[in-house]
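Only one structure is covered here, and it is reproduced in the block below.
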Amino acid sequence: MPPSETQRRHLSDDALLVHIKAVHVQSRGGYGWPRVWKELLARSIRVGKKRFKVTTDSNHALPISPNLLNREFTMSEPDRVWAGDVTYIATDEGRLFWPL
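Going left to right, the sequence shown walks through residues 37 to 136 as my numbering numbers them.
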């Protein structure tokens with residue numbers, strides 16, 4: 037019995053993911069999806085932007101923190117809400133994490 041369209045697409049996505057991971061490793065995690073996509077094109081690996089985004093979209097069972105602020109950034113009193121961010125900087129020794 038031949039594979040279904042979904043199975044063929046899944047296999048194709050798996051093959052594409054191998055190339056995406058290779059570019060990610062070679063860039064030491066420094067490339068976002070636009071640069072990875074351009075690098076794939078440079079390697080003659082043709083993929084549409086929409087499909088690329090779907091393939092690289094996070095699909096995991098890890099917990100996701102709730103959005104408690106709901107874009108309401110004005111607070112009535114100090115020390116009511118705290119936030120942070122992490123920036124990744126590529127260095128010769130690997131990725132540097134800069135927490136803010």
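Each residue gets a CB set at the ideal place from its N, CA and C atoms; glycine is no exception.
Since the structure is predicted, the reported quantities are computational estimates derived from the model, not experimental observations.
Under the criterion of beta carbons closer than 8 Å, Trp73 and Lys85 qualify as touching, at roughly 6 Å. As a beta-bridge residue in DSSP terms, Pro135 pairs with Val122. For Glu75, the uninterrupted alpha helix (DSSP H) segment begins and ends at 69 to 78. Taking one beta carbon from each stretch, the region 77 to 84 and the region 99 to 119 have fewer than 3 pairs nearer than 8 Å; the two do not touch.
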